[in-house]
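Colleague:
Protein chains: 2
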Amino acid sequence: MQLRTDIEIAREARKLPILEIGAKLGIPPEDLVPYGHDKAKVAQHFIRGLADRPDGKLILVTAINPTPAGEGKTTTTVGLGDGLNRIGKQAVICIREASLGPNFGMKGGAAGGGMAQIVPMEEMNLHFTGDFHAITAAHNLLAAMIDNHIYWGNALEIDARRIVWRRVMDMNDRALRDVVVNLGGVSNGFPRQTGFDITVASEVMAILCLARDLDDLEQRLGNIVVAYRRDRSPVFCRDLKADGAMAVLLRDAMQPNLVQTLENNPAFVHGGPFANIAHGCNSVIATTTALKLADYVVTEAGFGADLGAEKFFDIKCRKAGLKPSAAVIVATVRAMKMNGGVAKADLGREDVEAVRRGCANLGRHIANTRGFGIPVVVALNHFTGDTEAELQAVRDYVAGLGTEAILCRHWAEGSAGIEDLARRVVELAEGPSSFAPLYPDDMPLFEKMETIARRIYHADEVIAEPAIREQLRVWEEAGYGALPVCMAKTQYSFTTDPSVRGAPTGHVIPLREVRLSAGAGFVVAICGEIMTMPGLPQTPAAEVIRLNAAGQVEGLF
Amino acid sequence: MQLRTDIEIAREARKLPILEIGAKLGIPPEDLVPYGHDKAKVAQHFIRGLADRPDGKLILVTAINPTPAGEGKTTTTVGLGDGLNRIGKQAVICIREASLGPNFGMKGGAAGGGMAQIVPMEEMNLHFTGDFHAITAAHNLLAAMIDNHIYWGNALEIDARRIVWRRVMDMNDRALRDVVVNLGGVSNGFPRQTGFDITVASEVMAILCLARDLDDLEQRLGNIVVAYRRDRSPVFCRDLKADGAMAVLLRDAMQPNLVQTLENNPAFVHGGPFANIAHGCNSVIATTTALKLADYVVTEAGFGADLGAEKFFDIKCRKAGLKPSAAVIVATVRAMKMNGGVAKADLGREDVEAVRRGCANLGRHIANTRGFGIPVVVALNHFTGDTEAELQAVRDYVAGLGTEAILCRHWAEGSAGIEDLARRVVELAEGPSSFAPLYPDDMPLFEKMETIARRIYHADEVIAEPAIREQLRVWEEAGYGALPVCMAKTQYSFTTDPSVRGAPTGHVIPLREVRLSAGAGFVVAICGEIMTMPGLPQTPAAEVIRLNAAGQVEGLF
């Protein structure tokens, strides 16, 4: 029985000095840039020196559609990394960094849970190594340069009504969603309406996470479309000559962050783009670096497999040339029950039939993921109240699809509880795989959206106003037709209605808006309300967050 | 002849690992929190363990009123630290951190110059150890909590017209000076007008720099007045319960940053409050820590002695219980000539008479500084074009006042060029001193302002509207009467007219506005236009800042 909280477990961690964690990966101390004794960045010149090494195998951890019951995707990612190390494989975990702002609204999160966590937890929920602050600064420098350019005469003829570059702050601050700037008269500029997003929604975040190296970073920054002229021609970041200075601000942030699990195995925690208007994966540079340093790299994608895995494959893997060797889909008996129609309050009662009904959701994610050409196994993340009959119902269902659901007890037992999954993942990864993205680059943008909607969501069609289709056509003519699409949709359902669980068919995906992320390199298809600046709740967590006498943070977790 | 630029010299620095610099001060490696290999923070628990140690001697470096000719105050601070180490004293330098934003407008600055610099220069001009980002986050969390409180019902009855807490960003962005927030309807809040200041203007910055320790920090944060009610009663940060979470965000930022000079001597670079609306000194915790670790601590204050030294003595030393042992006033032949009426373009010509005339400005600063009860010596910072006759004119003038002007060549020669000054400083510091602030705590606020105006600026009077005097009276009744005052005035003149050089008398100081910094613990007296959010110039430095092939920053310096 596990009675300690995640933070209590994390505080009792016997961390190794980060230089020792780096040594496990063969990184010399001079090539690690320490941030305290338990965090370090991997120096760019060391990364450049790895180019000729062979790659390890890349394992994706994804999940069913998230439910309020909780699935434990990150916990399983961490547990599997520890499990692979336990059975003698050199494995590195790659996950995203946490956003600072939301911690002051609701409670902050662990990276993993129970005995499968990455530490140091407090720092990772606060400033960590400053990456998000650097992204905020780079983003806002560009914003300042746009208004400054107009102030000094607007030589580029920017249409002030068509500035699409907003500002960002890593804070939950609804007051900033919609603002008027440049007030105060002649010396302050020309008033106009704009707003702030939270930093993780910045295109700079997505760019940092997709850039191969610093040169690619600067190139992509230059490609950002910040505004349009009266004739609708785009104004780029490089027209404002902001790309170089932004790259300077991001130089350190481009170096992956090395930390460790409770079991002292290496983890890269780097980058954190939104999983709706962006692709929701940790940085390419962390993943590619890890692949050079380890036999196995375990990573995860945001939300469920319909959004997260699809973007991981079609955006990140496509663009970075990654070839995943296997995928793990995380499911729980509780989530199956909710997908089978059980309310959260009733999850404590055994209900084998509901589990069976709910498995349809899991089944579709298995088929979808296999459709990318890689082998799939299900991690059945154990919860205390699960009954043997319920667990067996999931095992039987998955076996019927020709694969396996393997019970995992890493939350309670750490790596010892996930050895079976680790062994199976190794078998799968050493077998054949033939990864391919869902659609080719040269498919028209709207067809790409239709392909995802039909093949992944099992929808009948995508509907869109003529103006949206026309916008896509204009972008195709401007040379953006080969970009992948990034679907922004509720994560709770295969449909655009968050209340529809299970494996629905015959629905329609309404395309409300499209946005061009020309620097990141994708077209965002918005199919629902997307909040890019959260607010604080009535009683923010910040009210109880404070330092205790020992200098530890109370109230954050 | 010195032909290399500051950045070239800085890049050729033979830095020691920061752990070795710490070892020179007796800081064990586990009590240093490294940020890379050349920067570290000193752990709080190590600092707490120093309480019973005796203090070293505190030396203030200040200057004449700044002129476009340049005086080299920071260069002399660094040089003197190196010089004291050279003659066998254990000395630490304490200076402020640089603000990130302005580097993208005009060129960024070195910490010192020539052979008297602190390194690493690039990092110190960019994110450094993240202190300013932490201050930005803490400041803006409080702002978000104010609007959020009103959004959810405004139980504290904040008068939305009387919110005095703005937001901050470490960026030159004039578009944010004056903004309307909370637009967009019901879900976003109640529209109101506010604005952004640059981070160094944040009261949180001043608080961090005046707080003795983390407990004191949290207490002061709680004391911040964020708004007033309809009945004019103040609403405090602690009423919103933001103080604890802000302290959490500032925990790491409260640890002083250790770096080194080109000569591998230790320097604390920590905190960076404005020198107009705030007190303009590095952090108290850095200075008090340095005093426990070294025989001599060399520090500086912002602007000339009339503003900087006065605030150093009357705010920082008074509040932190510091007893400076001696002061060095930096002057140059060139600046004396400008004070004597020579235009910048004509500084290349010998003009001994102009030097003599300009010495009046220096003379007043000498007298003012002595008025605080400490011995004074003049550092005559050598420039290549100075003639012996000009130098002698300064020496003679200063000798006539009963002290010495000592020629210093640290810019060209490093510590070897400043041994004479170092020896003289040791003599003075070992002699008697009887430091006392200019005015007692219990003097009424307006009288404090008058005292500074008469005794330091040699003005005839301070004039103010009745409403301003009434405001001061209200604050005195509310218990703020014992606070020191913080003068916000042009740094270029003893008057409020920046063009009046020399040592004017008989002028009037118009008090335009007063502000209460209840957390920092001072009342700001604004006597002129104070810009708290700079703009970018027509051609921002950002346009040419970029990474070169070696990963170094080009265009920043």
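Chains A and B, in that order, give the protein sequences. Per the working numbering, the first sequence starts with residue 1033, numbered consecutively. Per the working numbering, the second sequence starts with residue 1033, numbered consecutively. Positions of the beta carbon are idealized from the N, C-alpha and C atoms, including for glycine.
Can you name, in chain order, every residue of its own chain whose Cβ lies under 7 Å from the Cβ of residue 1417 (chain B), other than the five neighbours on each side?
Modeller: Here residue 1417 (chain B) refers to the residue found at position 385 when the second sequence is read from its first residue. So the list reads 1380, once near-sequence residues are dropped.
Colleague: Count the C-beta pairs between the stretch 1202 to 1210 of chain A and the stretch 1211 to 1225 of chain B that are closer than 8 Å, then say yes if the count reaches three, no if not.
Modeller: Yes, they touch.
Colleague: Cα-Cα, which of B:1085, B:1579, B:1096 is closest to residue 1333 (chain B)?
Modeller: Counted from its first residue, the second sequence places residue 1333 (chain B) at position 301. Here the closest residue by C-alpha is B:1096.
Colleague: Given a cut-off of 9 Å on the beta-carbon distance, is the pair residue 1262 (chain B) and residue 1506 (chain B) in contact?
Modeller: Within the second sequence, residue 1262 (chain B) is the residue found at index 230, counting from 1. Within the second sequence, residue 1506 (chain B) is the residue found at index 474, counting from 1. Contact: no.
Colleague: Can you check which of these residues, A:1565, A:1186, A:1541, A:1551, is closest to residue 1558 (chain A) by C-alpha distance?
Modeller: Here residue 1558 (chain A) refers to the residue found at position 526 when the first sequence is read from its first residue. Comparing Cα-Cα distances from residue 1558 (chain A) to each of A:1565, A:1186, A:1541, A:1551, the minimum goes to A:1541.
Colleague: Expressed to the nearest angstrom, what Euclidean distance is found between the alpha-carbon atoms of residue 1063 (chain A) and residue 1072 (chain A)?
Modeller: As a first step, residue 1063 (chain A) must be located in the first sequence, where it is residue number 31. As a first step, residue 1072 (chain A) must be located in the first sequence, where it is residue number 40. When rounded, the distance between both Cα atoms is 10 Å.
Colleague: How far does the beta strand (DSSP E) with residue 1268 (chain A) in it reach, from first residue to last?
Modeller: Locating residue 1268 (chain A) in the first sequence gives position 236, where the first residue counts as 1. 1266 to 1268 is the span of the beta strand (DSSP E), which, as asked, contains residue 1268 (chain A).
Colleague: What is the residue span of the beta strand (DSSP E) that residue 1413 (chain B) lies within?
Modeller: Taking the first residue of the second sequence as 1, we reach residue 1413 (chain B) at position 381. Per DSSP, residue 1413 (chain B) belongs to the beta strand (DSSP E) from 1408 to 1413.
Colleague: With a 10 Å radius around its C-beta and 16 neighbouring C-beta atoms as the bar for buried, classify residue 1492 (chain A) as buried or exposed.
Modeller: Position 460 of the first sequence, counting from 1, holds the residue named residue 1492 (chain A). Exposed, by the Cβ-count rule.
Colleague: Below 8 Å, how does it come out for the stretch 1168 to 1184 of chain B and the stretch 1192 to 1199 of chain B: are there three or more Cβ pairs, yes or no?
Modeller: Yes, since at least three Cβ pairs between the stretch 1168 to 1184 of chain B and the stretch 1192 to 1199 of chain B fall closer than 8 Å, the two stretches touch.
Colleague: Decide yes or no for the touch test of the stretch 1377 to 1393 of chain B against the stretch 1340 to 1350 of chain B: beta carbon pairs closer than 8 Å, at least 3 of them.
Modeller: The stretch 1377 to 1393 of chain B vs the stretch 1340 to 1350 of chain B: no contact.
Colleague: Is the beta carbon of residue 1286 (chain B) closer than 9 Å to that of residue 1249 (chain B)?
Modeller: Here the question's residue 1249 (chain B) lines up with position 217 in the second sequence. Here the question's residue 1286 (chain B) lines up with position 254 in the second sequence. Yes, these two residues count as a Cβ contact at 9 Å.
Colleague: If you measure beta-carbon to beta-carbon, which residues of the stretch 1289 to 1310 of chain B are closer than 9 Å to chain A?
Modeller: Those would be none; no residue qualifies.
Colleague: Should residue 1168 (chain A) be flagged as near chain E, meaning a C-beta pair shorter than 9 Å?
Modeller: The structure shown contains no chain E; its protein chains are A and B.
Colleague: On a Cα-Cα basis, can you pick out the residue from B:1303, B:1090, B:1323, B:1425 that is closest to residue 1160 (chain B)?
Modeller: As a first step, residue 1160 (chain B) is located in the second sequence; it is residue number 128 there, counting from the start. That would be B:1303, whose Cα lies nearest to the Cα of residue 1160 (chain B).
Colleague: Any residues in the stretch 1111 to 1139 of chain A with a beta carbon nearer than 7 Å to a beta carbon of chain B? Which ones, in chain order?
Modeller: Answer in chain order: 1132, 1136.
Colleague: Mark residue 1365 (chain B) as exposed unless 16 or more other C-beta atoms lie within 10 angstroms of its C-beta, in which case mark it buried.
Modeller: Here residue 1365 (chain B) refers to the residue found at position 333 of the second sequence. Buried: at least 16 other Cβ atoms inside 10 Å.
Colleague: Strictly by DSSP, which residues pair up with residue 1534 (chain B)?
Modeller: Here residue 1534 (chain B) refers to the residue found at position 502 when the second sequence is read from its first residue. For residue 1534 (chain B), which the question treats as bridged, DSSP gives no partner whatsoever.
Colleague: How do the stretch 1401 to 1411 of chain B and the stretch 1358 to 1375 of chain B stand: do at least 3 beta-carbon pairs fall below 8 Å, yes or no?
Modeller: The stretch 1401 to 1411 of chain B, when compared against the stretch 1358 to 1375 of chain B, does touch it at the 8 Å Cβ threshold.
Colleague: Go ahead and label residue 1181 (chain A) buried or exposed: buried means 16 or more other beta carbons lie within 10 angstroms of its beta carbon, across all protein chains shown.
Modeller: In the first sequence, residue 1181 (chain A) corresponds to position 149, counting from 1. Looking at its Cβ environment, which holds 16 or more other Cβ atoms inside 10 Å, residue 1181 (chain A) is buried.
Colleague: Within 10 Å of its beta-carbon, does residue 1033 (chain B) have 16 or more other beta-carbons around it, so buried, or fewer, so exposed?
Modeller: Against the second sequence, residue 1033 (chain B) aligns to sequence position 1. Confidence in residue 1033 (chain B) is poor, its pLDDT being 46 and thus under 50, which makes the residue's placement too unreliable to answer from.
Colleague: Should residue 1035 (chain B) be labelled buried (16 or more other beta-carbon atoms within 10 Å of its own) or exposed?
Modeller: As a working mapping, residue 1035 (chain B) is identified with position 3 in the second sequence. Exposed, because fewer than 16 other Cβ atoms sit within 10 Å of the Cβ of residue 1035 (chain B).
Colleague: Which residue spans inside the stretch 1458 to 1509 of chain B form an unbroken beta strand (DSSP E) run of at least 3?
Modeller: The stretch 1458 to 1509 of chain B contains these whole beta strand (DSSP E) runs: 1493 to 1496.
Colleague: Based on the DSSP secondary-structure assignment, which residues constitute the bridge partners of residue 1289 (chain A)?
Modeller: Here residue 1289 (chain A) refers to the residue found at position 257 when the first sequence is read from its first residue. In DSSP, residue 1289 (chain A) forms a bridge with A:1073.
Colleague: Beta carbon of residue 1477 (chain A), beta carbon of residue 1502 (chain A): below 9 Å?
Modeller: Locating residue 1477 (chain A) in the first sequence gives position 445, where the first residue counts as 1. Locating residue 1502 (chain A) in the first sequence gives position 470, where the first residue counts as 1. Cβ atoms of residue 1477 (chain A) and residue 1502 (chain A): not closer than 9 Å.
Colleague: For residue 1237 (chain B) and chain A, any beta-carbon pair shorter than 9 Å?
Modeller: In the second sequence, residue 1237 (chain B) corresponds to position 205, counting from 1. Judged by the 9 Å Cβ criterion, residue 1237 (chain B) is not in contact with chain A.
Colleague: Report the CB separation of residue 1446 (chain B) from residue 1440 (chain B) in whole angstroms; it is logged as a contact under 8 Å.
Modeller: The count along the second sequence starts at 1 and reaches residue 1446 (chain B) at position 414. The count along the second sequence starts at 1 and reaches residue 1440 (chain B) at position 408. Actually they do not touch by this definition, with Cβ atoms about 11 Å apart.
Colleague: Going by alpha carbons, who is nearest to residue 1314 (chain A) out of A:1433, A:1092, A:1421, A:1084?
Modeller: As a first step, residue 1314 (chain A) must be located in the first sequence, where it is residue number 282. Minimum Cα distance to residue 1314 (chain A) is reached at A:1092.
Colleague: Which chain A residues sit within Cβ distance under 9 Å of residue 1270 (chain B)?
Modeller: Position 238 of the second sequence, counting from 1, holds the residue named residue 1270 (chain B). Chain A residues near residue 1270 (chain B): none, gap ~11 Å exceeds 9 Å.
Colleague: Thinking residue 1326 (chain B) and residue 1074 (chain B) are a contact (beta carbons under 8 Å), I'd like their distance in whole angstroms, please.
Modeller: Taking the first residue of the second sequence as position 1, residue 1326 (chain B) is located at position 294. Taking the first residue of the second sequence as position 1, residue 1074 (chain B) is located at position 42. No, residue 1326 (chain B) and residue 1074 (chain B) are not in contact; Cβ-Cβ is about 13 Å, not under 8 Å.
Colleague: Given that residue 1462 (chain A) touches chain B, what residues does it touch there, using C-beta distances under 7 Å?
Modeller: Your numbering for residue 1462 (chain A) matches position 430 in the first sequence. Result: empty, since nearest Cβ-Cβ is about 38 Å, beyond 7 Å.
Colleague: I'd like the span of the alpha helix (DSSP H) that includes residue 1387 (chain B), first residue to last.
Modeller: Walking along the second sequence from the start, residue 1387 (chain B) turns up at place 355. 1384 to 1402 is the span of the alpha helix (DSSP H), which, as asked, contains residue 1387 (chain B).
Colleague: Flag residue 1199 (chain B) as yes if its beta-carbon sits less than 9 Å from any beta-carbon of chain A, otherwise no.
Modeller: For the purposes of this step, residue 1199 (chain B) is taken as the residue at position 167 of the second sequence. Answer yes: the Cβ-Cβ gap between residue 1199 (chain B) and chain A drops below 9 Å somewhere.
Colleague: For residue 1532 (chain B) and residue 1275 (chain A), what's the separation of their Cα atoms in angstroms?
Modeller: For the purposes of this step, residue 1532 (chain B) is taken as residue 500 along the second sequence, with counting starting at 1. For the purposes of this step, residue 1275 (chain A) is taken as residue 243 along the first sequence, with counting starting at 1. Approximately 42 Å, taken between the alpha carbons.
Colleague: Under 9 Å between C-beta atoms, does residue 1221 (chain B) make it to chain A?
Modeller: The residue given as residue 1221 (chain B) occupies position 189 in the second sequence. Yes, because at least one Cβ of chain A sits closer than 9 Å to the Cβ of residue 1221 (chain B).
Colleague: Return no unless some Cβ of chain A is closer than 9 Å to the Cβ of residue 1577 (chain B).
Modeller: Residue mapping note: residue 1577 (chain B) aligns to position 545 of the second sequence, counting from 1. Answer yes: the Cβ-Cβ gap between residue 1577 (chain B) and chain A drops below 9 Å somewhere.
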